[in-house]
Every structure is written in C-alpha cells, then in structure tokens.
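Chains W and U are the protein sequences, given in the same order.
Just add 62 to the spot in the first sequence (first one is 1) and you have our numbering.
Just add 62 to the spot in the second sequence (first one is 1) and you have our numbering.
2 protein chains.
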Amino acid sequence: MLPEFKEHIESHFPEILSHPTMVAISGGMDSVVLTHLLIQLDIKPSLAHCNFQLRGEESDADAEFVSELAEKWNLQLYSKTFETKQIKAENRGSTQMIARDLRYHWFNELIDQGKSTYLLTAHHLDDNIETFLIHLSRGTGIQGLLGIPERNHPILRPLLPFSREEILRYAKNNQLAWREDSSNASDDYLRNRIRHHISPQLKELHPSFDPNFNRTIRQLTQEKQLAQIEIDRARASCFTSDGDGYKIEIEKLQALTPLAAYLYHFFEPFGFSQFGAIEKMLNGLSGKEIRSHSHRLIKDRTHLLLHPLETIDKTCYEIEAGTTHLQHPIGLQFEKVDQMKEKQAGVLYIDADCLQYPLTLRKKKEGDVFYPQGMRGKKKLSKYFKDEKMDTLTKENQWLLCSQDQIVWVVGKRGDERFKITPTTQNIIKVTLKT
Amino acid sequence: MLPEFKEHIESHFPEILSHPTMVAISGGMDSVVLTHLLIQLDIKPSLAHCNFQLRGEESDADAEFVSELAEKWNLQLYSKTFETKQIKAENRGSTQMIARDLRYHWFNELIDQGKSTYLLTAHHLDDNIETFLIHLSRGTGIQGLLGIPERNHPILRPLLPFSREEILRYAKNNQLAWREDSSNASDDYLRNRIRHHISPQLKELHPSFDPNFNRTIRQLTQEKQLAQIEIDRARASCFTSDGDGYKIEIEKLQALTPLAAYLYHFFEPFGFSQFGAIEKMLNGLSGKEIRSHSHRLIKDRTHLLLHPLETIDKTCYEIEAGTTHLQHPIGLQFEKVDQMKEKQAGVLYIDADCLQYPLTLRKKKEGDVFYPQGMRGKKKLSKYFKDEKMDTLTKENQWLLCSQDQIVWVVGKRGDERFKITPTTQNIIKVTLKT
Numbered sequence: 063m064l065p066e067f068k069e070h071i072e073s074h075f076p077e078i079l080s081h082p083t084m085v086a087i088s089g090g091m092d093s094v095v096l097t098h099l100l101i102q103l104d105i106k107p108s109l110a111h112c113n114f115q116l117r118g119e120e121s122d123a124d125a126e127f128v129s130e131l132a133e134k135w136n137l138q139l140y141s142k143t144f145e146t147k148q149i150k151a152e153n154r155g156s157t158q159m160i161a162r163d164l165r166y167h168w169f170n171e172l173i174d175q176g177k178s179t180y181l182l183t184a185h186h187l188d189d190n191i192e193t194f195l196i197h198l199s200r201g202t203g204i205q206g207l208l209g210i211p212e213r214n215h216p217i218l219r220p221l222l223p224f225s226r227e228e229i230l231r232y233a234k235n236n237q238l239a240w241r242e243d244s245s246n247a248s249d250d251y252l253r254n255r256i257r258h259h260i261s262p263q264l265k266e267l268h269p270s271f272d273p274n275f276n277r278t279i280r281q282l283t284q285e286k287q288l289a290q291i292e293i294d295r296a297r298a299s300c301f302t303s304d305g306d307g308y309k310i311e312i313e314k315l316q317a318l319t320p321l322a323a324y325l326y327h328f329f330e331p332f333g334f335s336q337f338g339a340i341e342k343m344l345n346g347l348s349g350k351e352i353r354s355h356s357h358r359l360i361k362d363r364t365h366l367l368l369h370p371l372e373t374i375d376k377t378c379y380e381i382e383a384g385t386t387h388l389q390h391p392i393g394l395q396f397e398k399v400d401q402m403k404e405k406q407a408g409v410l411y412i413d414a415d416c417l418q419y420p421l422t423l424r425k426k427k428e429g430d431v432f433y434p435q436g437m438r439g440k441k442k443l444s445k446y447f448k449d450e451k452m453d454t455l456t457k458e459n460q461w462l463l464c465s466q467d468q469i470v471w472v473v474g475k476r477g478d479e480r481f482k483i484t485p486t487t488q489n490i491i492k493v494t495l496k497t
Numbered sequence: 063m064l065p066e067f068k069e070h071i072e073s074h075f076p077e078i079l080s081h082p083t084m085v086a087i088s089g090g091m092d093s094v095v096l097t098h099l100l101i102q103l104d105i106k107p108s109l110a111h112c113n114f115q116l117r118g119e120e121s122d123a124d125a126e127f128v129s130e131l132a133e134k135w136n137l138q139l140y141s142k143t144f145e146t147k148q149i150k151a152e153n154r155g156s157t158q159m160i161a162r163d164l165r166y167h168w169f170n171e172l173i174d175q176g177k178s179t180y181l182l183t184a185h186h187l188d189d190n191i192e193t194f195l196i197h198l199s200r201g202t203g204i205q206g207l208l209g210i211p212e213r214n215h216p217i218l219r220p221l222l223p224f225s226r227e228e229i230l231r232y233a234k235n236n237q238l239a240w241r242e243d244s245s246n247a248s249d250d251y252l253r254n255r256i257r258h259h260i261s262p263q264l265k266e267l268h269p270s271f272d273p274n275f276n277r278t279i280r281q282l283t284q285e286k287q288l289a290q291i292e293i294d295r296a297r298a299s300c301f302t303s304d305g306d307g308y309k310i311e312i313e314k315l316q317a318l319t320p321l322a323a324y325l326y327h328f329f330e331p332f333g334f335s336q337f338g339a340i341e342k343m344l345n346g347l348s349g350k351e352i353r354s355h356s357h358r359l360i361k362d363r364t365h366l367l368l369h370p371l372e373t374i375d376k377t378c379y380e381i382e383a384g385t386t387h388l389q390h391p392i393g394l395q396f397e398k399v400d401q402m403k404e405k406q407a408g409v410l411y412i413d414a415d416c417l418q419y420p421l422t423l424r425k426k427k428e429g430d431v432f433y434p435q436g437m438r439g440k441k442k443l444s445k446y447f448k449d450e451k452m453d454t455l456t457k458e459n460q461w462l463l464c465s466q467d468q469i470v471w472v473v474g475k476r477g478d479e480r481f482k483i484t485p486t487t488q489n490i491i492k493v494t495l496k497t
C-alpha cells in the first residue's frame with residue numbers, strides 16, 4: 063500500500079511534505095502503520111499520545127509502548143495523562159465523548175503552541191463505513207452519510223481511503239508491532255457489531271465494495287455542496303435582515319420547488335423541526351406563530367418574521383416620580399416645560415397633574431384600550447395596531463408608557479386624549495423618545 | 063397498519079381514491095395485502111397478473127390462485143402468459159431483466175388501452191433497503207441511494223413506507239392466504255443475502271431504523287433535487303448551443319466550485335468518465351480532445367466544444383466535369399460565365415483551364431498548403447486557420463474544393479492564387495456556395 067499512500071499524499075495532502083506534522087498515536091495498528099508510512103516518505107512526524115487511564119495497566123502499557131516506539135524511530139513524543147474517570151464524574155456525556163473532547167482539545171493546544179502545523183489521525187475506510195451505517199440507522203440525513211471529513215484544519219486523515227485489511231497487510235509485511243485495544247471487543251457496542259457482523263457481509267456483495275463506497279461518499283459530499291449552493295442562493299433571495307432577525311417574503315418562498323426541502327434547510331438551523339406546520343402557515347392567518355427552542359417564526363401578511371425568542375421584553379418597568387432620564391429598556395427623557403411647542407415626532411407633551419406615579423413602561427396586553435389623540439372616544443389597542451398595519455413583531459416590541467395601567471403614550475406613535483394639554487393645564491411634562 | 067395506510071393514501075396518493083386503479087399482483091404476500099388494503103378503503107382495483115412460466119407448475123398454480131382471488135373478491139382480472147425462456151433465448155439480458163421489461167411493457171399496454179388510470183405495485187420498505195444496499199455496494203452514486211421511486215406515472219407504489227414485517231402482521235391478522243415464491247430462496251442471490259443476513263442486523267442497530275431509513279432517502283431525494291437545480295442553473299450560464307453541440311465558456315466553468323462536481327454533472331450525461339482529464343484540459347493546449355463513446359470534447363482557446371462524434375464528415379467527394387449543382391455534403395453551383403463580377407461572399411471565379419477533373423471536396427489533411435489569393439507565395443493551411451482564429455471544430459468542418467489534390471478554394475473563405483482569373487483567362491467558372 064506504500065505506493066498508493068505516496069500517491070494519495072502527493073495528490074491530496076502535499077502540504078504535509080513540507081510542514082511539521084504530528085500523528086495522534088494510540089499504539090494501535092492504524093496509528094502505528096500511519097507513522098511508519100510517513101517515515102517511509104521521509105516525513106518525520108512528531109507523536110501525540112493520550113493516556114486516558116480507562117483500562118488500568120493496559121493503558122499504561124500502551125503509553126510505554128508508544129514511548130519505546132518514539133525512541134526506536136527517533137521521533138519527538140508528546141504524551142499526556144488524563145484523569146478521565148474523574149472528569150466524567152464532573153461532566154455530562156459518555157466516557158467516549160469526554161475522551162474525544164479531551165483528546166482534540168489537547169491536540170489543538172499542541173498545534174497552538176507551534177509543536178506542529180498539522181495533526182494526522184489514522185481513521186480509515188472501515189471506520190468510515192461503520193460511521194455511515196450508524197448514521198444511516200439513526201436517520202441523521204445526508205450529513206451523516208458523508209463520512210468522517212478528510213480534512214478539518216489542522217486535522218488531516220490521510221488513511222481514509224484505505225481499508226483495515228490493507229493496513230493489516232502492510233503491518234504484517236513490515237513486521238510492525240502494535241498494541242491490541244481490549245476495549246475493541248466490548249467498548250463500542252454498535253461499532254463492533256458492524257465491524258464483525260455487518261461490514262464483512264456488505265463487502266461480500268461486491269468485489270469492489272471499498273472503492274465503490276469511497277466514490278459514493280465523495281459523490282454525496284459533492285451533491286451536498288451543490289445543494290448548499292442552491293440553498294444559499296435561494297435564501298439570499300427570500301431573506302432580508304430585520305434587526306436581529308429576518309423578514310422572509312412568502313411569495314418568493316412559495317415559488318420554490320421542492321418547497322419542503324427549502325423549508326428544511328432554511329429553518330432547521332434555527333432549531334425548527336415542524337416543517338409541515340411551517341408550510342401550512344404560509345397560507346394561514348396572520349399572527350400565527352411557531353416556536354423552536356431558540357426562535358419564533360410569525361406569519362405576517364406578506365412575510366414570515368423570524369426572530370430570536372429573547373427579543374420580546376415582557377417586563378413591566380416602573381418609572382418613579384422625579385425621573386428625568388430613562389435608559390433601559392428604551393431611552394426616555396422627562397422635562398418640566400413651560401409651554402408646548404410644535405408637534406414633533408418622538409415627543410409628547412403631557413398634563414403632569416393627570417399622571418399617577420409610578421408610571422409604567424410595558425408591552426401590550428389583552429384588553430388594552432386607549433383614547434387616541436385627535437379621535438373621539440376609545441379604541442382597542444389591537445384595533446389601532448391593525449389600522450396602523452403593524453406587523454406582529456412590531457406590535458410585540460411596541461412600548462406603552464402608562465400612568466399606572468392607563469396608556470399615556472403608544473411610545474413614538476400616538477398620545478392619549480386623557481393626558482393631553484388643555485387650556486386648564488398647569489404643569490406640562492415633555493417626554494422625548496431617545497433613539 | 064390500515065389506519066396508517068389510509069392516511070398515507072389520502073396524503074400522498076389521493077388520486078387513486080377517484081380514478082380506476084390496477085394492482086400488479088403476483089399472488090405473493092405483498093401484492094395480496096396491497097389489494098386487500100385497497101378494498102378496505104372502498105377502492106376496487108382491477109388486477110394484472112403475469113405468468114412468466116419460469117417455475118413450471120408453480121407458476122401455473124400462482125396464476126390459478128390469483129384467478130380464484132379475483133373471483134372471491136369480485137375484481138376484474140387481466141392475466142397474461144409469457145414465453146419468457148424463449149424470449150430470453152432471443153434477446154440479451156438476464157431472465158430477471160427480461161421478465162421486468164415484459165411486465166412493465168404489458169402494464170403500460172393495459173393503461174394505454176384504458177383498462178386503468180394507475181397501476182400499483184407492492185414494493186415496500188425492505189425492497190427499498192435491499193436496493194439501497196445493492197447500489198451502495200456497486201457505487202452507483204446518489205441516484206442509486208434514492209430508493210425505488212414512489213411514483214413514476216402511471217406506476218404508483220403506495221406500500222413503500224411499510225416494512226415487510228408490518229405487511230406480514232397485517233396478512234396474518236386478516237387471515238389472508240398467499241403464494242410463497244420458491245425462487246425467493248435462490249433466485250436473486252444478492253437480494254436474499256441482504257434480506258436474510260444483513261437487513262435484520264442493520265435494523266437491530268436502532269429501534270427506529272425503518273422510519274429513519276425512510277426519512278434518509280426522502281432527504282437524499284430532496285438534496286439531489288436541490289443539487290440538480292444548481293447544476294441546471296450553472297449549465298445554463300456556461301453552455302451555449304452551437305449547431306448540434308455546445309460551446310462552453312472555460313472562464314465561467316473555472317469559476318465553479320467544487321469544479322469536479324460540476325464537470326461530473328455536465329459531462330457524464332454525454333458519456334464521459336474522464337473528469338480529471340477534463341479538468342486538466344481547461345488549462346491545456348488548444349486542440350486537445352477527449353472522447354466518450356458518443357461525443358468529443360475539444361479544448362479551444364476560450365471554450366470547450368462539445369459535439370456528437372458523427373458530425374465530422376471525413377469523406378472525399380469527387381465532382382465530375384460538367385457538374386452544375388452539388389447538393390451534398392454542401393450546396394455548390396458551377397456556372398460558366400463570360401466575365402467576373404464584383405467580389406461577393408460565397409462566390410469564387412476560377413480559371414476553368416487550370417482545373418483538373420475530377421475536382422474533389424474534402425476536409426483538411428496533414429501537410430495541406432495553398433496559395434491564398436492576395437498573398438505572395440504559399441501558406442500552410444494550418445497556419446491560415448490559426449491566423450483566421452478558427453476553432454478546432456470549425457477547422458474540422460471546413461470544406462476544401464480541390465483540383466485533384468490542390469486547394470482551389472477554402473470554401474466560402476479564400477480562393478487560391480493558382481486558379482484565379484488573369485488577363486489571359488479564356489474560360490471562367492463561377493462557383494457559388496449555397497447555404
């Protein structure tokens with residue numbers, strides 16, 4: 063396999079021929095073979111070994127084996143011992159996940175410290191087949207079928223196209239010694255089940271199963287990339303930034319085919335999974351809302367509004383008598399003035415004697431009514447919002463300045479008749495919205 | 063499974079609730095269950111049964127069983143016996159492929175005759191898993207992983223989301239009888255190997271393997287559709303129709319990423335498989351050519367030229383003295399005239415006495431030289447072509463009118479000095495290119 067490996071390195075990973083390279087070595091067959099192959103190509107990698115102390119003496123013997131190998135092959139060795147069991151006790155996740163996190167975290171540290179430019183792992187074709195089948199069984203979609211990435215800077219996996227069988231043959235032909243990991247037989251139930259019972263039978267279905275599999279995942283990766291280009295293009299045509307969220311034009315959305323695929327790709331990244339409901343929403347009533355754990359999607363007349371959940375501040379803020387400046391949640395300035403000047407956007411003049419403290423600053427609530435200035439009588443706030451053609455999110459973000467619970471000002475929009483300046487007003491307060 | 067089936071029909075195949083429907087019935091469990099399910103939904107399908115006579119008495123007994131079932135359930139039956147073995151002897155392909163072709167051909171006939179609007183087959187989830195794994199082992203790419211199509215008008219496959227296990231349970235619960243196909247155990251080696259040894263183990267990897275698998279192939283289908291949209295868009299931007307082929311702008315092609323994916327999708331449909339070579343060609347010398355079984359792809363300076371192989375006519379046509387009209391391969395008219403008129407595109411005046419018959423009409427060949435009118439001396443034809451900035455295909459399609467083997471006219475482009483009209487010319491022939 064050396065000639066094929068050489069060719070693969072030259073065509074896919076030429077960078078490791080001229081940059082410091084480190085191998086993540088367990089002492090098992092795969093990483094020992096990878097190291098040996100590199101040495102044959104006159105690449106002298108440094109080695110990084112993790113001792114997770116999960117198999118007692120065996121773990122220590124692995125570390126010892128790697129240390130001897132480094133000495134024998136004259137390679138720089140970085141070795142680290144982890145208190146994995148203790149760390150697991152203090153954290154969430156399986157032992158496997160924790161060990162993986164520790165490993166990659168340390169590898170990145172070594173890279174950051176300039177110990178190497180690249181870090182190579184010895185993942186191979188059979189690891190990839192196992193990963194493929196595990197993801198197939200879990201239904202994780204195309205992403206799960208793409209296999210282990212060949213490069214994920216600074217991590218490179220140059221053994222990925224080679225099978226365990228090829229690696230074993232190479233190891234034997236070169237009389238390499240390695241450590242058998244006893245956990246192979248029990249540690250990872252699913253993987254071992256596939257390795258010993260399913261993969262061998264699958265491979266018997268076709269004499270070229272291995273290269274065919276490699277070709278398939280390469281092609282799937284490309285299809286995914288092409289699909290992503292189309293998704294990005296379509297998203298750019300439908301989505302408009304809107305504060306910390308997006309407005310999405312429904313008409314453009316509905317022109318997309320297959321719509322279900324676009325909806326999945328557009329909204330899955332925001333935590334949504336109810337794509338059928340989203341599709342129905344497009345023709346549904348305005349105001350309809352669907353939530354994910356992090357976002358809300360609201361049907362407005364011509365658009366969907368997509369916003370982070372936390373944007374709607376539902377707090378009721380109290381404003382004590384004598385307050386001159388309010389900074390949060392919005393900027394308001396209160397001044398005593400002698401007379402009212404010309405009307406001005408963002409400014410309201412109030413008859414101070416009509417106010418009851420504390421004032422409150424809050425969002426709309428069910429049943430709100432007010433007496434819009436310039437109109438006779440009262441109006442439901444919801445009716446006012448509707449007449450103003452405010453979209454659902456704007457409604458929810460609209461602050462109301464209240465005297466106790468009576469609306470004094472739909473802030474920045476309309477004052478209330480009950481608090482306006484009249485010929486009998488003696489004390490005037492000018493409220494200015496600072497934006 | 064009846065409620066799930068009902069819901070599936072209502073949401074995915076509402077058309078069969080209101081149109082004549084036929085079931086392709088073998089007499090095996092799957093097609094018997096499908097028929098029974100439809101009857102429960104008050105759909106009375108007609109039945110179509112093929113007797114391929116491949117299993118002697120068993121085949122006849124299957125036909126008899128279906129006939130009795132049709133009578134018992136009061137369904138219209140169409141039944142046809144095929145001389146499959148004889149047809150196989152006369153044709154290429156495996157028995158299985160021939161039987162499939164015969165079956166679908168006959169089904170289409172029945173539909174064309176108006177016997178039904180739709181034809182339903184009983185393919186199910188486990189058929190789909192088997193097909194997926196067979197294609198995975200063959201490396202047929204994403205297309206092979208999409209599974210059996212749910213609809214391929216007029217054929218519909220409403221059992222696809224249901225597993226063999228569910229179908230078996232339904233059959234038992236409803237005390238249905240069916241015919242076991244003895245060939246299941248031997249006929250289709252690969253499929254049975256998967257069915258009995260691989261699928262059961264895969265399903266044990268995850269309790270929701272079946273629905274997860276359904277979701278995966280649905281998602282792969284959508285990814286493929288999205289990728290296809292991008293491919294079509296990119297193709298439209300790079301390809302320009304050019305006669306019976308295409309000109310493809312290299313600069314635009316090179317701007318595409320991942321280029322390998324686009325090259326695959328652009329050129330695979332024309333029979334190409336040498337995508338690495340095509341990629342190299344983009345920066346290669348003009349004139350470089352790659353062929354598929356049906357097409358040639360030629361590097362020109364700024365474009366690739368893609369053309370069917372048969373467009374280049376390499377024949378050398380002879381033109382006898384006295385010919386006045388030539389129609390094939392191009393239209394030429396020969397007239398004796400008294401005098402030469404003003405120069406005109408597509409017209410050449412020749413000194414008749416310089417010609418030696420038969421004239422020939424042919425394409426360029428190695429070593430061609432001529433004496434371009436208006437120039438002193440001779441010139442290599444290849445140099446002339448180059449100076450005229452003719453692309454490779456234009457060169458190859460350029461006809462040359464020759465006197466025996468001497469070039470008289472680069473047809474439509476430039477006459478030869480040796481044959482031109484001089485003060486001493488006595489007989490003039492006017493040659494006109496008819497387009």
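Using N, Cα and C, we set each Cβ at its ideal position, and we do this for glycine too.
Item: Apart from the five residues on each side of it in sequence, which residues of its chain come closer than 7 Å, Cβ to Cβ, to Met91(W)?; Value: Ile229, Leu230, Ala233 and Trp240
Item: Would you report the Cα separation of Ile360(U) and Tyr324(U), rounded to the nearest angstrom?; Value: 17 Å
Item: Mind checking whether His259(U) and Gln263(W) have CB atoms under 7 Å apart?; Value: yes
Item: According to the neighbour-count rule (16 or more other Cβ atoms, all chains shown, within 10 Å of its Cβ), is Tyr433(W) buried or exposed?; Value: buried
Item: Between the C-alpha atoms of Ser129(W) and Glu212(W), what's the straight-line distance to the nearest angstrom?; Value: 27 Å
Item: Indicate whether at least one CB of chain W lies closer than 7 Å to the CB of Glu285(U).; Value: yes
Item: Could you list which residues in chain W have their beta carbon closer than 8 Å to that of His259(U), in chain order?; Value: Gln263
Item: From Glu330(W) to Pro370(W), what does the alpha carbon distance come to, in whole angstroms?; Value: 14 Å
Item: Pull up the distance between the alpha-carbon of Thr487(U) and that of Asp415(U), whole angstroms please.; Value: 8 Å
Item: Determine the direct distance from the alpha carbon of Leu455(W) to that of Ser261(U), and round the result to whole angstroms.; Value: 50 Å
Item: Between the segment 184-194 of chain U and the segment 144-157 of chain U, can you find at least three pairs of beta-carbon atoms closer than 8 Å?; Value: no
Item: Please check the pair Ile204(W) and Gln281(U), which I expect to be a contact at CB under 8 Å, by giving their CB distance rounded to whole angstroms.; Value: 6 Å
Item: Would you kindly work out how many angstroms separate the C-alpha atoms of Asp379(U) and Arg424(U), rounded to a whole number?; Value: First, the residue type needs correcting, since residue 379(U) is Tyr and not Asp in the sequence shown. Their Cα atoms are separated by approximately 6 Å.
Item: For the pair the segment 86-101 of chain W and the segment 177-186 of chain W, tell me if three or more CB-CB distances fall below 8 Å.; Value: yes
Item: Would you verify that the beta carbon of His268(U) is, or is not, closer than 7 Å to some beta carbon of chain W?; Value: yes
Item: Please confirm if the segment 121-128 of chain W is in contact with the segment 103-113 of chain W, defined as three or more CB-CB distances below 8 Å between the two stretches.; Value: yes
Item: Identify the continuous beta strand (DSSP E) that holds Pro370(U) and give its terminal residues.; Value: His365 to Pro370
Item: Can a CB atom of chain U be found closer than 7 Å to the CB of Ile291(W)?; Value: yes
Item: When you compare only the Cα positions, how much space is there between Trp168(W) and Thr143(W)?; Value: 11 Å
Item: So with CB distances below 8 Å, who are the chain U contacts of Leu116(W)?; Value: The premise fails here: Leu116(W) is roughly 24 Å from chain U at the closest Cβ pair, so nothing lies under 8 Å.
Item: Just to check my reading of the structure: Thr364(U) and Glu450(U) have Cβ atoms closer than 8 Å, yes? What is that Cβ distance to the nearest angstrom?; Value: With a Cβ gap of about 16 Å, Thr364(U) and Glu450(U) do not count as contacting.
Item: Select from Glu242(W), Arg358(W), Phe481(W) and Glu313(W) the residue whose C-alpha is nearest the C-alpha of Gln336(W).; Value: Arg358(W)
Item: Against Pro320(W), what residues of chain U qualify as contacts under a CB-to-CB distance less than 9 Å, listed in chain order?; Value: Thr283, Gln284, Gln287 and Leu288
Item: Have a look at Pro216(U) and Gln175(U) and give me their C-alpha separation to the nearest angstrom.; Value: 13 Å
Item: If you scan the segment 307-382 of chain W from start to end, which runs of the beta strand (DSSP E) of 3 or more residues do you find wholly inside it?; Value: 307-311, 351-353, 357-361, 365-370 and 379-381
Item: What would DSSP say about Asp122(W), mapped onto helix, strand or coil?; Value: helix
Item: Name, please, each residue of chain W whose Cβ falls closer than 7 Å to the Cβ of Ile204(U).; Value: Gln281, Leu282 and Glu285
Item: Anything in chain U within Cβ reach of Ser199(W), meaning under 7 Å, just list it in chain order.; Value: Leu264, Leu267, His268, Phe271 and Asn274
Item: Give the straight-line distance between the Cα atoms of Pro223(W) and Ile293(W), rounded to the nearest whole angstrom.; Value: 30 Å
Item: Out of Arg255(W), Lys492(W) and Gly206(W), point me to the one whose CA is closest to Met402(W)'s CA.; Value: Lys492(W)
Item: So, under 8 Å CB-CB, Thr484(U) and Asp413(U) are touching, yes? Tell me the CB distance rounded to an integer number of Å.; Value: 7 Å
Item: The segment 159-193 of chain W: which residues have C-beta closer than 9 Å to a C-beta of chain U, in chain order?; Value: none
Item: Spell out whether any CB of chain U is found under 7 Å from the CB atom of Ala323(W).; Value: yes
Item: Go through its chain and collect everything with a Cβ distance to Asp453(W)'s Cβ below 6 Å, but skip five positions before and after it.; Value: Asp362
Item: By the criterion of Cβ-Cβ separation under 8 Å, what are the contact partners of Arg353(W) in chain U?; Value: The contacting residues do not exist; Arg353(W) stays about 22 Å from chain U at best.
Item: If we require 4 or more residues per run, which alpha helix (DSSP H) segments fall completely within the segment 196-276 of chain U?; Value: 204-207, 226-235, 251-255 and 261-265
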